[in-house]
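Here is the structure we will look at, set down as structure tokens.
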Amino acid sequence: MTTHQDQDKAVSWMLHALKIVLGDESIRRYIILYYCPTISNASKKCIRTFDAFVESAKKREEKANEIRKYCNKMSRKTDVVVFTASNIQRTKCDNETHFQSYIINNTTKKLSVIDPAYDPTKEENKGIYAAEISLDVIIPCFERNGYKTEFVSLTTPAQVDVGDVFCQSWTLYILLAKLKQNEYFKNNTFEVPEDQLDKYDMLLSFYRQIFTDMPELRENLNVEYEGEILECRGPNRLSKSEKEILLKFDPVDLLLGLTKYEMKN
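Sequential numbering from 0 applies to the sequence shown in numbering that gives the first Met the number 0.
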């Protein structure tokens, strides 16, 4: 017998697993190609996702240089390239990620930057998370190559609360919306609801669409949910009985039945 409190905890773990799934490089590429099958430069070497983490014995600058090398290479491609990058962690204990996505149009020599924390009301449009990887590494790289660079102008920030950790979802959602019928050519703005519950509603519709259109991804969510619970360590580690209770829940059922009010909690 499980309780409402048990379900709330399971939802929290499911959302954590979902964040990992939608931040995974191969899964993001799979989703992009499902909705945009004719996109140019569809190879694994082109549709990249650079995570925040620096490998052991390497330095932040080495990771930044890897991204610069990729950008220079992609600028020599024809037509459109899309990719994603996260701010690079500053220390091994720095687990904060902030994803940003990009559309490179090599025909017009333009780079469109998608930052879910972009705030049109703030100085330099800086939101609750700084777009470090864009401002420090990627934009300067393309500008040196003669590209015009601009942020997709969100009507209001997608992320306004540090408790909103859905940058993986927002970047993918906005990127797909902009790729649809070459929307990035015509319009550099993207409408985001002001109310937080309406933002969550937008994401929930996106999740339902993904897992309905691509039911094979349900297994990825199941595996990640179970793995994260079983491998939980540290001061907040789960007891054996807590793990057993959480594993009684089906994460896909939790996601498809989720309401915007539960996301807020």
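Built from N, CA and C at the ideal position, the CB exists for glycine as well.
If only uninterrupted alpha helix (DSSP H) runs of at least 4 residues are considered, those enclosed by the region 24-71 are 24-34.
In this structure, the alpha-carbon of N219 lies about 7 Å from that of V20.
V80 is bridged by DSSP to I103. Counting along the chain, no beta strand (DSSP E) covers S240; the unbroken alpha helix (DSSP H) around it starts and ends at K239 to L245. Here the alpha carbon of V251 sits roughly 43 Å from the alpha carbon of E142. If you look at K147, you'll find it isn't in any alpha helix (DSSP H); it sits in the beta strand (DSSP E) that goes K147 to F150.
In this structure, Q6 sits away from F210, with a CB-CB distance that is not shorter than 8 Å. For the options Q167, S240 and T188, the alpha carbon positioned closest to that of F205 is the one of Q167. Under DSSP, the beta-bridge partners assigned to K109 are N104 and K147. In the displayed model, L257 falls within coil according to three-state DSSP, outside both helix and strand. Counting other Cβ atoms within 10 Å of its Cβ, V222 stays below 16 and is therefore classed as exposed. Looking from the CA of K44, the closest CA among R28, S55 and D23 belongs to R28.
Taking a contact to require three or more Cβ pairs closer than 8 Å, the region 79-90 and the region 139-159 do not qualify as touching. In the assembly as shown, L196 is an exposed residue. Its beta-carbon has fewer than 16 other beta-carbons within 10 Å. The C-alpha of E24 lies about 13 Å from the C-alpha of Q99. Pairwise C-beta distances place the region 103-114 in contact with the region 63-79, as three or more of them are shorter than 8 Å. Out of E65, R67, F150 and R207, the CA that lies nearest to the CA of L255 is found in R207.
Proximity to L17 across L202, G126, C140 and N40 peaks at L202, based on C-alpha coordinates. Taking C-beta separations shorter than 6 Å and ignoring five residues to either side along the sequence, the partners of R67 in its chain run C140, following chain order.
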